[in-house]
Amino acid sequence: MPLFELGDPVEFDTSGGLFYKPETVRVQWIEDARITATSGTQASDYQRNLATQVGLEGGYGFFKGSLDFQFNELQRRSTVYNFVTQTDQYDIALLTLDPDVPITELLRERAATDLETADPTVLFDRYGTHYLHSLIVGAAATYSAATNTTKYNSEVDFAVAAEMSYRGVTGQLSANQETQYSEAIEEFRKASTVKVHARGGQAEFAGKIVDGSYDDWRKSIRQNLVFVSLNADSLRPLWDLCEDETRRARLEAAYKEYSGGFAPEPDPTIAPVYGYSTDSPRRWYFSLSRSDLADGGWRLHDEPFFHVSTVPGGERVPVYRHSAPNPIRYKLSVEQRPGHGWSDETEPVWYAYPPNPQEHDGVPGREGIYGFVDPNNRGTSGWFYNVRDGDRGWDREELTFYADDVDGSS
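Residues 1 to 410 (UniProt numbering) make up the sequence shown, in order.
In structure tokens form, the structure reads like this:
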């Protein structure tokens, strides 16, 4: 429901086209261009940093829609992903409520009454918790990347690599930057899932800024302005509009409880599983840890073999790791299957989807993990596990479970 009565629309000229604004909104020309980064080593960090940029503190779950748009759920829930958005922004004007007009005089009659009398929850549901005091118009392009840290092998910070990668695809990379960052850019692109989106400017160019139309898009901005961002002072608390101090304090206290209903992005729970191997006989051990078997002749393979959940939930079931001696070896199962020298485990090592092709095969975000045995040492070699067709010379024996395909390759 509208909070303010801002008056009739009036024209303003951008030296490129005529636009309309409410008569109580002031235009301040700012003419600025910049590339800025929002990043996080997990999705909740990214969300918190995004909120901080517009002056929203407290760790509440704001901007979830932005997260959903830019990064898929499996990546957000994975422990191996970093997140960054490079925003290439052209600010043309700052629109603000006219400071010469008392803000309370702009309130609609219904809104003024609600501010003083309505239940806080009803008030926030109706008008929001903050009002928009200012906004920036112009155009912006966003380059959002989820980077798999197990595949990114560069000393260059991932946010810097993202900026250089964006400059490269839009023709803004200098010769010196190309020389300095070419390897990091290549590593970044191999390890990242990228989304590019432009708003403002002519649509025919906005959709092709990475296909040679960046300069055309930039030149068309003045004829096609849109809302592009907020600054740290754009959002102001609704309770600041209250004249009564007691009412103001009550609404501020209610805001903390109300905003607590917007849960922040949860901590990631999908983790990589690494493989260890030894020879004579060839044996394999799989673990969430990269230091379980640091000694004893086991070799750690740097890249994870698959991804699983560290907590139960949804359709996932426990996965157990059985062991056998002489020589010690291991196998995985969603069932506790003792006997024939294998241990009867009671604690799961992780959680995955059961081996039921009718329910899980072909489902996006899931990939089958198969158990293999060495055809030359079937009784002593133990088991090797990998995605379908990843046999490494071993014989496939069974579909053991379905793991999480965080890269979306299944």
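All C-beta atoms, glycine included, are put in the ideal place defined by N, C-alpha and C.
Computed from a predicted model, the values in this text were never measured in an experiment.
Residue i vs residue j beta-carbon contact at 8 Å
i    : j    : result
V25  : I92  : no
W383 : F372 : yes
A37  : A159 : yes
A162 : V210 : no
I221 : Y90  : yes
Y370 : R392 : no
G201 : A139 : yes
E265 : S39  : no
T346 : V311 : no
L94  : K21  : no
L106 : L97  : yes
R247 : E116 : yes
H133 : R48  : no
L288 : P355 : no
T147 : Y81  : yes
T193 : A254 : no
Q86  : Y166 : yes
P375 : D395 : yes
I35  : D88  : yes
Rounded Cβ spacing between residue i and residue j (contact assumed at less than 8 Å)
i    : j    : result
E187 : N153 : 6 Å
R290 : Y274 : 6 Å
P318 : P348 : 3 Å
Local conformation of residue i per DSSP, three classes
i           : result
P120        : helix
R222        : helix
G61         : Here the model assigns G61 a pLDDT of 49, short of 50, so the residue's position is not dependable, and the following value carries that caveat. Correct three-state label for G61: coil.
residue 435 : For the chain, the structure presents residues 1 to 410; residue 435 sits outside this window and is missing.
F4          : strand
K331        : strand
A263        : coil
A232        : coil
F401        : strand
V101        : coil
S410        : Its pLDDT being 49, under 50, S410 is placed unreliably by the model, and nothing is read from it.
W298        : coil
Q177        : helix
T113        : helix
T14         : coil
P357        : helix
F71         : coil
D88         : strand
V194        : strand
N386        : strand
D395        : strand
K151        : coil
Q28         : strand
Selection from the options that minimises the alpha carbon distance to residue i
i    : options                : result
W239 : E303, G275, R250       : R250
A352 : D374, R321, P375       : R321
S259 : W394, G128, E243       : G128
L135 : W217, Y143, L225       : L225
E11  : P2, L3, E23            : E23
L332 : H340, P304, Y385, T121 : Y385
W217 : L230, R236, H197       : H197
F227 : R199, R248, P237       : R199
P304 : P325, W394, P272, G362 : P272
D404 : L293, V308, A33        : V308
V101 : P2, P364, F286, L6     : L6
F306 : L67, E367, T380, K64   : E367
K256 : D302, D292, F124, K219 : F124
R282 : W350, G212, N377       : N377
T14  : H360, E315, D361, Q223 : Q223
Y330 : R316, S280, S381       : S381
F150 : D302, L50, H340, G362  : Sequence check: residue 150 is Thr here, not Phe. Ranking the options by Cα distance to T150, first place goes to D302.
N231 : D8, T52, M1, G212      : T52
D279 : G297, C242, W342       : G297
V122 : M1, Q42, S229, E245    : M1
W342 : G379, P99, E243, Q75   : G379
Counted within 10 angstroms of its Cβ, other Cβ atoms place residue i as buried (16 or more) or exposed
i    : result
S174 : exposed
D233 : exposed
D215 : exposed
Q358 : exposed
P327 : exposed
M164 : buried
P120 : buried
R337 : exposed
F262 : exposed
L18  : exposed
Q28  : exposed
G168 : buried
R77  : buried
A33  : exposed
T170 : buried
H360 : buried
S213 : buried
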